[in-house]
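A.B. asks: Could you have a look at this structure, given as structure tokens, before my questions?
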Amino acid sequence: MISADDVGGVHIKYLYHCRRQLWLYSRGFRPEQLSETVALGTAIHDISYSRFSPVDLGAATLDHLDNQLWVHEVKHSDKRREADRAQARHYCHQLTRVGVDVQGAVLHYRSPRKTERFPYTEEEHMHASEDIEQVVATIALPESPPRLPKSRCRGCSYSDYCWSV
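Numbering follows our numbering, with no gaps: position 136 of the sequence shown is 167.
Spelled out as structure tokens, the structure:
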């Protein structure tokens with residue numbers, strides 16, 4: 032189905048947000064392409080952070096890698112989430128895997144314009160490896176994981192699918 036090498040940043044984000052969403056996404060269900068919220072986030076990213084150059088890692092695309100080898104990730108929400116850190120940590124892991132000695136990650140939050148910086152340590156590396164294993168295990172499940180409480184689904188583009196039955 033999916034190997035550890037195929038795990039991208041979206042997989043990691045969905046692992047932390049909702050495992051059912053991860054499971055559906057891995058099977059080609061992609062309602063986020065129709066989401067106005069996703070389109071707005073993309074537009075804000077393109078306008079507000081146009082100085083960043085995306086880096087394509089195959090299974091993952093990170094927002095920017097600076098000259099000091101810090102991964103930069105732009106987040107559209109003003110709320111800090113563990114998924115944000117996990118996604119940036121994953122990009123550090125992927126770069127390390129291909130021989131880039133990254134320093135760590137910088138998360139850029141749009142409103143208010145704040146940043147969070149964290150080094151990529153051995154502990155972060157181990158956590159990233161565990162996340163990848165969890166993604167692969169979740170995707171391999173024969174049935175979708177249970178849906179979250181409806182209160183956790185506000186704004187999710189998968190909500191109609193999960194709650195229409």
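From the three backbone atoms N, C-alpha and C, an ideal C-beta is built for every residue, glycine too.
Take E147 and list the residues in its own chain whose beta-carbon comes closer than 6 Å to its own, dropping the five residues that flank it on each side.
C.D. replies: Here residue 147 refers to the residue found at position 116 of the sequence shown. Once the five neighbours on either side are set aside, the close Cβ partners of E147 are L138.
A.B. asks: Opposite D87 in the DSSP bridges: which residues?
C.D. replies: For this step, residue 87 is matched to residue 56 along the sequence shown. For D87, which the question treats as bridged, DSSP gives the partners T92.
A.B. asks: Exposed or buried, which one is R50 when buried takes at least 16 other CB atoms within 10 Å?
C.D. replies: By one-based count along the sequence shown, residue 50 stands at place 19. Result: buried.
A.B. asks: Out of Y122, W101, A114 and L100, which one is the CA nearest neighbour of D37?
C.D. replies: Walking along the sequence shown from the start, residue 37 turns up at place 6. For the residues Y122, W101, A114 and L100, the minimum Cα distance to D37 belongs to Y122.
A.B. asks: Which residue or residues does DSSP assign as beta-bridge partners of P10?
C.D. replies: The requested residue 10 does not occur in the structure, where the chain is confined to residues 32 to 196.
A.B. asks: Please confirm whether L55 and S175 have their CB atoms less than 8 Å apart.
C.D. replies: Translated into the one-based positions of the sequence shown, residue 55 becomes position 24. Translated into the one-based positions of the sequence shown, residue 175 becomes position 144. Against a cut-off of 8 Å, the Cβ pair of S175 and L55 comes out as a contact.
A.B. asks: What is the DSSP secondary structure of E164, counted as helix, strand or coil?
C.D. replies: Start at 1 with the first residue of the sequence shown, and residue 164 comes out as number 133. It is helical.
A.B. asks: So, are the CB atoms of S17 and D109 less than 8 Å apart?
C.D. replies: Lying before the first or after the last residue shown, residue 17 is absent from the chain, which here runs from 32 to 196.
A.B. asks: If you follow the alpha helix (DSSP H) that K44 is part of, which residue opens it and which one closes it?
C.D. replies: In the sequence shown, the residue the question calls residue 44 occupies position 13. Start and end: G40 to H48.
A.B. asks: Our contact map puts I43 next to V166 with C-beta atoms below 8 Å; I'd like the distance itself, whole angstroms only.
C.D. replies: The residue you call residue 43 lines up with position 12 of the sequence shown. The residue you call residue 166 lines up with position 135 of the sequence shown. At roughly 7 Å, the Cβ-Cβ gap stays under 8 Å, so I43 and V166 are in contact.
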